[in-house]
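Residue numbers (this note's numbering): 49 to 313.
Even for Gly, the Cβ is constructed at its ideal location relative to N, Cα and C.
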Amino acid sequence: MNTVIQYWLKPSSYNTAVGIYATFPFIMAPILFFVDAPYGRFTGSLGKKFSLPGKASWFVMEIISPIIFVSSLVITRPRWTPFQMILASAWCIHYINRSIIYPLRATSMADIHLLAILSAIFFNGINGYTNGMWVGRHSHSIYQYQFWIGMMIWTMGFLSNMYHDTILFKLRKITKEKEEVSKIKRYSIPYGVLFNYISCPNYFSECVEWIGYAIATNSSLPAFIFAVSTVSNLYPRAIRTHDWYKKTFKEDYPRSRKAMIPYIY
């Protein structure tokens, strides 16, 4: 165990992980603009053959991040300054919601392809490690406007994410009840707040969250990489989802609605 901890704490281990992590946005965006990540409505026929139950898979994928983040943080023996505690709390709040509360609230979740699961585990592992190590080794004053602006942006993104998830959950419940009666697969158009302007407000909100978090850290390279990676991952999927809505609902889908950025695209 001591050998593992020593390797975990080595500056060279951290620098190597950050270097690998920094390549993710440049790899993900080009691939995801042309290939659908195999989960949810984009699983496809091939994906179904190598998929695992949605809720359990989602939990395993997402819980990796807070476990490794907290482990990295504790191993560094931080001073537990207000700066470190607030950032660590924000991280854990987000991932407790994503890994535990989100799948429990969901009416159902589509199976997830094994490749998507393994990719998410790798991403969340290196993400949790690099960000946990940075928070454990750095601290700034919380009496700076940049910190609180960043945390306000993070809070707005988090609350918006949960709110729009709730809209989708309620819609899926109603749709599922109709399917049980008609025995026909149905889809519905979501409405409300940001759904009136964009097709994927949950993706938009998550991007806002981690941009705010990066601003709050003031100088964290892993947090900046995470924010860029989130956009690189979700923006292509938002475009695909937007196109799917338009193809599925045709003239019934609001023409003024954009993919992920209100009034823009």
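Cross-strand partners of Lys306 (DSSP beta bridge): Paired residue(s): Ile246.
Please go through the same chain and pick out, in chain order, the residues whose beta-carbon is closer than 6 Å to the beta-carbon of Tyr245, but skip the five residues on each side of it. Excluding sequence neighbours, Tyr245 sits near Pro310.
By the DSSP assignment, the alpha helix (DSSP H) with Lys103 in it spans what residues? 102 to 123
Identify the continuous alpha helix (DSSP H) that holds Tyr69 and give its terminal residues. 59 to 69
In its own chain, which residues sit with a C-beta less than 7 Å from the C-beta of Cys255, not counting the 5 before and 5 after it? Only Thr278, Val279, Leu282 meet the Cβ criterion.
Quick test of the definition: if touching needs 3 or more C-beta pairs under 8 Å, does the stretch 253 to 271 touch the stretch 157 to 164? no
Please classify Asn172: is it buried, with 16 or more other beta-carbons within 10 angstroms of its beta-carbon, or exposed? buried
Just verifying my parser: in three-state terms, what is the DSSP assignment at Ile237? coil
Using CA atoms only, rank isn't needed, just tell me which of Ser105, Lys58, Met200, His188 is closest to Ile160. Ser105
Could you give the distance in angstroms between the alpha-carbon of Thr64 and the alpha-carbon of Met308? Near 33 Å, if we compare the C-alpha coordinates of Met308 and Thr64.
Given Ala264 as reference, the closest of Tyr193, Ser236, Phe206 once Cα atoms are compared: Tyr193
Starting from Pro151, trace the alpha helix (DSSP H) in both directions and tell me its first and last residue. 150 to 153
Could you tell me how far apart the beta carbons of Ala138 and Pro284 are, in whole angstroms, since I believe they sit closer than 8 Å? Not confirmed; about 26 Å, so no contact.
In angstroms with no decimal places, state the Cα-to-Cα distance between Asp291 and His188. Taking the straight line from one Cα to the other gives about 43 Å.
Secondary structure of Gln192, DSSP reduced to three states: Secondary structure at Gln192: coil, using DSSP grouped into helix, strand and coil.
Taking only the alpha-carbon atoms, compute the straight-line gap between Gly205 and Ile312 and give it to the nearest angstrom. Cα to Cα, the separation comes out at about 19 Å.
Going by the C-beta, is Tyr193 closer than 6 Å to any heavy atom of the ligand FAD? Annotation note on the ligand FAD: not contained in the displayed structure, which lists no ligands.
Among Tyr62, Gln54, Thr51, Pro73, nearest to Phe272 - alpha-carbon criterion: Pro73
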